[in-house]
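Peer 1: Residue numbers (the UniProt record's numbering), protein chains in the order written: chain A, 1 to 547; chain B, 1 to 547. Every residue gets a Cβ at the ideal spot worked out from N, C-alpha and C, and that includes glycine. Source: prediction; values computed, not measured.
Number of protein chains: 2
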Amino acid sequence: MEITTKNFIEQLPTIRQTIREASFFAIDGEFTGLTSDRNVLPFDTPEEVYLKTIDNSADFVIIQLGLCAFRVDPESGQVSYKCFNFYCYPKGRMHIFSCQGESMRFLAENGFDFNKLFREGLSYCGEADEDRLRTELKERQDQRAAALEAKEEENGNNDSLNMVPVPPEEEKLMKEISERIEEFLKSEDKDYTITNCNGFQRKLVYQMIDSQFRKTVSTSSVTLENNHKAILVERKRTKEQELKLEEERVAQENEDLERMVGLSLVLQELSRARKLIIGHNMLLDLLFIIRQFFRPLPHCYQEFKKIVRELFPLILDTKYLCTNGELKVHVYSSVLGHVFEAVNKAPFNIPEVTCGFEEHKYSPDDMKQHDAGYDAYLTGLCFLGLASFFKVDLKDLTRDPILKAYINRIFLLRVSEINYIYTHGKEPSFSREHVFFVSFPETWRQSDIVNRFRNYGQVYVNWVNSNSAFVTLHNRDYASHVIKTIDKASITICTLTQFKAKHWLGLKGDTIVIVPIEDISITTTTIITSTAPTTKGKQKKKKNRHR
Amino acid sequence: MEITTKNFIEQLPTIRQTIREASFFAIDGEFTGLTSDRNVLPFDTPEEVYLKTIDNSADFVIIQLGLCAFRVDPESGQVSYKCFNFYCYPKGRMHIFSCQGESMRFLAENGFDFNKLFREGLSYCGEADEDRLRTELKERQDQRAAALEAKEEENGNNDSLNMVPVPPEEEKLMKEISERIEEFLKSEDKDYTITNCNGFQRKLVYQMIDSQFRKTVSTSSVTLENNHKAILVERKRTKEQELKLEEERVAQENEDLERMVGLSLVLQELSRARKLIIGHNMLLDLLFIIRQFFRPLPHCYQEFKKIVRELFPLILDTKYLCTNGELKVHVYSSVLGHVFEAVNKAPFNIPEVTCGFEEHKYSPDDMKQHDAGYDAYLTGLCFLGLASFFKVDLKDLTRDPILKAYINRIFLLRVSEINYIYTHGKEPSFSREHVFFVSFPETWRQSDIVNRFRNYGQVYVNWVNSNSAFVTLHNRDYASHVIKTIDKASITICTLTQFKAKHWLGLKGDTIVIVPIEDISITTTTIITSTAPTTKGKQKKKKNRHR
């Protein structure tokens with residue numbers, strides 16, 4: 001079911017109820033752009049990957065969030081689901097977000113409805129903003145209540161010092177309007193609209209009304225159909241009228257606040273549920289959800305894990321599940337659609353899932369890839385398929401001994417040693433003594449580097465720019481010999497550890513840049529570098545330029 | 001007529017022809033966000049406004065450009081027009097642009113079709129990128145031509161050092177595929193597709209083919225319908241086949257390049273025309289057009305004027321035209337729609353305009369406000385209406401003596417002294433000796449400031465933050481007395497000139513910040529400040545927070 005501003009307030013209780021009754025969830029987000037991971041290297045630690053990911057992350061946002069709630073009947077074990085597809089974007093004048101042209105094109109070509117997004121997308125806000133909004137609204141409402149209680153008309157403000165003097169050419173107009181208000185007060189008319197004044201004249205009118213009619217009329221600013229501004233003049237309201245009006249106003253303000261916190265209310269409910277949440281390649285989904293609906297992403301890795309544990313204590317990444325351990329050989333490609341193809345055949349067996357509500361239903365044949373709701377649904381089915389291999393008891397999912405080894409591990413792309421973040425503890429450490437940072441002449445090609453390392457067996461080269469690269473030995477036994485014995489003519493070489501002590505590998509556009517650590521200034525989420533861009537790898541130069 | 005990727009290449013010759021034949025143009029752009037001008041003060045100079053505008057400008061882009069070409073028949077004086085409405089956005093993976101939530105909502109609510117934008121929007125690029133693209137394409141094509149000419153088969157590259165060793169578990173697969181290629185070469189089949197390999201296996205296959213079949217088969221990477229990657233194997237092509245294929249490829253590449261430069265080709269034609277270009281409140285349109293289709297905006301004001309003169313030597317801003325001089329009294333509000341209402345009545349008289357092409361036509365009754373094409377058309381009509389007041393000879397527009405006083409002056413909002421940028425010379429200078437920068441206790445309100453200045457007559461207060469403001473005297477005669485005679489208890493005061501010598505007034509979000517000049521580091525387009533945000537004006541605090 002699509003959730004937009006058209007049905008959010010009406011559906012919110014059902015959504016909350018569904019979350020409370022669910023056994024586990026599958027989620028998926030569509031973003032306005034993807035965080036680059038070009039500076040992530042195969043031998044990076046999970047901590048380094050996390051830090052690089054948040055540093056590379058521009059102000060992209062989730063614009064569609066799919067939430068598929070699965071329920072396992074405690075008696076029959078029968079699985080049912082309800083799927084929600086939320087549209088959202090930050091709507092205010094001060095809300096500026098980034099888009100990657102390529103991502104927008106990709107989503108549009110896959111049928112994403114941007115018109116619905118920008119016409120009917122939900123608002124959302126982080127915890128700090130929500131607190132502020134609630135406090136301030138409360139204050140305003142309390143102040144108004146107190147003012148109404150006090151009942152007394154204010155005495156004229158002594159702000160004649162702020163009064164704008166009426167220029168001679170406007171005196172006639174002011175006099176006319178003043179007479180027209182007197183007439184209105186004597187008439188039976190419900191209200192009187194002052195039109196055809198420019199901004200300055202309206203200021204003078206308000207000033208005149210405030211000094212002459214404070215006790216007899218109430219004013220409000222209105223916009224006419226032709227978009228001209230006007231002043232609506234009504235008779236001063238009675239105490240009862242004021243109280244009734246105030247009551248309506250408070251109710252409206254409270255509902256407006258719910259709309260403004262919007263999708264965050266759903267994510268808060270999801271967090272409170274403390275149930276298993278499944279995603280496929282979920283690192284970015286998780287980072288964006290935390291940043292968008294809860295709080296900023298910290299530059300401290302341990303602090304990040306603490307936040308995840310606090311907000312989402314049980315997560316499972318199907319990409320990690322199907323690319324590690326026993327399942328790997330049965331799953332040919334870990335792209336979501338391909339995993340679904342794989343789990344539809346032996347040795348897997350997706351249990352039957354039902355959905356009692358037409359509006360919450362998907363079918364695998366819908367082929368709505370990149371619709372967040374559909375992808376969440378598909379992720380859920382993939383999980384059920386993969387879990388069938390282990391004969392997992394769906395009624396007691398999170399206690400399954402085999403599944404336990406996969407829970408709270410977020411899959412990391414591009415790395416070869418430890419390819420996950422473990423949110424509930426430390427990841428295993430591994431030696432990187434066989435990785436070296438080498439600088440060489442601009443004219444060198446891959447073969448020159450490989451040739452220089454020929455005595456140490458097969459090597460992998462990761463280019464940084466046109467005159468430096470990381471070189472990793474296939475055979476770690478040679479690691480301790482390299483620095484001592486390599487021919488150092490026209491190259492400089494140091495270990496990865498020595499390099500990291502003094503440098504950070506940042507991104508500038510799509511180009512990797514080496515930044516001396518003392519030049520780094522950390523702002524909220526970005527590492528700002530002043531280093532000039534350098535192109536990656538001689539032989540790759542051409543290719544890069546054409547992207 | 002809407003121009004998108006669906007009809008761009010086909011319509012480009014007509015568009016160019018229309019531009020060449022036109023007498024003058026009206027333009028309008030729709031943006032993904034508006035540059036804030038909150039730190040622009042009424043007494044700022046045009047140069048200060050320009051610098052603040054480009055410093056405040058985030059990476060917003062034009063996503064719709066309206067171009068209405070008007071033609072005045074040299075014989076009859078009859079006016080006809082053709083209107084084009086271009087959709088565009090930067091489409092690449094490295095193209096990141098910003099959006100303001102509020103602007104996106106506003107455009108969507110006014111019927112802007114974001115789906116069309118992201119599915120069919122045109123590409124564009126700046127001059128430097130275009131040069132690079134053209135040079136690189138030429139180089140690639142020349143290299144390929146030379147290689148074809150050389151005809152000779154390359155000898156096997158001596159890159160065995162780069163060869164990935166085939167792991168034992170993959171040896172069987174490689175042998176099978178090698179045999180299958182032998183079979184294919186003996187068969188009548190046109191090609192053979194190698195499927196069901198993962199990325200690593202495909203790498204091994206390419207390597208095997210390169211060493212065993214270099215002279216007999218050609219390969220290409222293809223993506224199957226199910227999105228799996230595969231390798232297409234074909235028989236090695238003959239020289240004639242290669243040449244024909246190359247010819248087709250060059251033609252396709254050249255057309256692709258035109259598509260990539262896209263909308264910039266139209267703007268280049270417009271610039272080459274060197275004819276009058278009319279906009280309504282056109283500062284941002286002009287800045288965005290220069291930055292998006294030509295080159296970065298310089299931090300030097302004189303350099304900016306030079307660029308405008310070079311690219312668009314004749315411009316006219318109808319907002320400046322109707323808010324200055326004789327026309328001001330007849331035009332009640334300078335909002336585009338209101339100006340159009342005004343020029344439909346005496347003393348104005350819009351000449352009849354015709355459009356021979358249904359697909360290029362608008363009617364004022366269309367009410368398509370905020371459709372760039374419609375707004376450009378309406379701007380053109382407003383200009384014709386306003387010009388009718390001066391009995392301008394449309395056949396010789398730019399030589400009209402009265403109009404001349406308005407040409408090349410770009411309207412500036414929010415300023416009260418010189419409210420335009422004059423691109424062909426210096427604007428008049430004016431004294432600001434009657435403006436003071438004052439700091440005072442946090443508890444002060446407007447009335448405290450006004451009271452302190454009571455001996456110098458009426459003043460205007462522009463708050464900077466909760467404890468400082470600019471105070472402008474209404475009566476300039478008192479200017480020289482203030483510093484000498486004002487009561488300095490609990491305040492500090494200096495002249496605007498003294499203040500400017502040491503400080504820059506920046507923006508942080510929506511908040512004005514005072515930045516000591518020595519703390520400023522200028523990056524490409526932004527002034528980065530490290531100053532903490534401060535709220536503007538005590539009494540405005542609440543209001544700001546709720547935006």
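So for A:K91, helix, strand or coil by DSSP?
Peer 2: In this structure, A:K91 counts as coil in the three-state DSSP scheme.
Peer 1: Between which two residues does the alpha helix (DSSP H) harbouring B:S211 extend?
Peer 2: Residues G199 to Q212.
Peer 1: Taking any Cβ of chain A, which residues in the region 116-132 of chain B have a Cβ under 8 Å from it, in chain order?
Peer 2: L117, F118, R119 and R132
Peer 1: Looking only at DSSP bridge pairs, what is B:E234 linked to?
Peer 2: B:D191 and B:S218
Peer 1: On a CA-only basis, which of B:V233, B:P168, B:R144 and B:L148 is nearest B:I181? Give me that one, please.
Peer 2: B:V233
Peer 1: Does the region 351-367 of chain B touch the region 44-63 of chain B, meaning 3 or more C-beta pairs lie closer than 8 Å?
Peer 2: no
Peer 1: Would you mind telling me which residues of chain A sit closer than 8 Å to B:S416, beta carbon to beta carbon, in chain order?
Peer 2: Here the premise fails: no neighbours, minimum Cβ distance about 12 Å.
Peer 1: Counting pairs of Cβ atoms below 8 Å between the region 448-461 of chain B and the region 398-409 of chain B, do you hit three or more?
Peer 2: no
Peer 1: Any beta carbon of chain A sitting closer than 8 Å to that of B:K404?
Peer 2: Not closer than 8 Å to any Cβ of chain A, the Cβ of B:K404 fails to qualify, so no.
Peer 1: A:E109 versus chain E: which residues are under 9 Å apart at the beta carbon?
Peer 2: No chain E is part of this structure, whose protein chains are labelled A and B.
Peer 1: Between A:F25, A:E48 and A:P165, which has its C-alpha nearest A:Q207's C-alpha?
Peer 2: A:P165
Peer 1: Grab the span of the beta strand (DSSP E) containing A:L496 for me, first residue to last.
Peer 2: Element bounds for A:L496: not the beta strand (DSSP E) but the alpha helix (DSSP H), L496 to K502.
Peer 1: On a Cα-Cα basis, can you pick out the residue from B:V513, B:V339, B:H474 and B:L224 that is closest to B:P42?
Peer 2: B:H474
Peer 1: Tell me which residues share the same chain as residue 593 of chain A and place their Cβ nearer than 6 Å to its Cβ, disregarding the 5 neighbours each side in the sequence.
Peer 2: Residue 593 of chain A falls outside the range modelled here, since chain A spans only 1 to 547, and no answer is possible.
Peer 1: With three or more beta-carbon pairs closer than 8 Å as the criterion, would you say the region 306-316 of chain B touches the region 335-349 of chain B?
Peer 2: no
Peer 1: Kindly indicate which three-state DSSP category B:T511 falls into: helix, strand or coil?
Peer 2: strand
Peer 1: Return the bridge partner residues of A:V304 from the DSSP annotation.
Peer 2: The question names Val, but residue 304 of chain A in the sequence shown is Phe. BP columns for A:F304 are empty, so no partner.
Peer 1: First and last residue of the alpha helix (DSSP H) that includes B:Q458?
Peer 2: Careful: B:Q458 lies outside any alpha helix (DSSP H) and carries neither H nor E.
Peer 1: How is B:E75 classed by DSSP in three states: helix, strand or coil?
Peer 2: coil
Peer 1: Assess contact between the region 330-342 of chain A and the region 293-308 of chain A, defined as three or more Cβ pairs (one per stretch) separated by less than 8 Å. Is contact present?
Peer 2: Touching, no, given that fewer than three Cβ pairs across the two stretches are closer than 8 Å.
Peer 1: Have a look at the DSSP bridge pairing and note the partners of A:A69.
Peer 2: A:F25 and A:K82
Peer 1: If you draw a straight line from the alpha carbon of B:F112 to that of A:I3, how long is it in whole angstroms?
Peer 2: 21 Å
Peer 1: For a contact meaning CB atoms closer than 7 Å, what does A:R105 contact in chain B?
Peer 2: K91 and F118
Peer 1: At a Cβ threshold of 8 Å, is A:S333 touching chain B?
Peer 2: yes
Peer 1: By a C-beta neighbour count over all protein chains shown, 10 Å radius and 16 as the cutoff for buried, is A:I517 buried or exposed?
Peer 2: exposed
Peer 1: Can B:V233 be considered in contact with the ligand HEM, in the sense that its beta carbon sits closer than 7 Å to one or more heavy atoms?
Peer 2: Of ligands this structure carries none, so the ligand HEM is not represented either.
Peer 1: Can you name the residues of chain A whose CB is closer than 7 Å to the CB of B:A346?
Peer 2: Going along chain A, no residue has its Cβ under 7 Å from B:A346, so there is no contact; the nearest lies around 17 Å.
Peer 1: With a 10 Å radius around its C-beta and 16 neighbouring C-beta atoms as the bar for buried, classify A:P90 as buried or exposed.
Peer 2: buried
Peer 1: Give a yes or no on whether the minimum CB-CB distance between B:F8 and chain A is below 8 Å.
Peer 2: no
Peer 1: By the 10 Å Cβ neighbour count, where 16 or more other Cβ atoms means buried, how is A:G29 classified, buried or exposed?
Peer 2: Residue environment analysis places A:G29 among the buried positions, since at least 16 neighbouring C-beta atoms fall within 10 angstroms of its C-beta.
Peer 1: Compare the Cα-Cα distances from B:N462 to each of B:F436, B:E255 and B:H299 and report the closest residue.
Peer 2: B:F436
Peer 1: Which residue's Cα is closest to the Cα of B:M94: A:T32, A:R295, A:L133 and A:D477?
Peer 2: A:T32
Peer 1: Just tell me which of B:L173, B:A146 and B:L276 has its CA closest to the CA of B:E246.
Peer 2: B:A146
Peer 1: Run through the DSSP bridge pairs and tell me what A:E130 is partnered with.
Peer 2: Bridge partners of A:E130: none, in fact.
Peer 1: Tell me, please, whether the CB atom of A:G506 is closer than 8 Å to any CB atom in chain B?
Peer 2: Not an interface residue.
Peer 1: At least one CB of chain A closer than 8 Å to the CB of B:P165: is that the case?
Peer 2: Put simply, the CB of B:P165 is near chain A, with a gap under 8 Å to one of its CB atoms.
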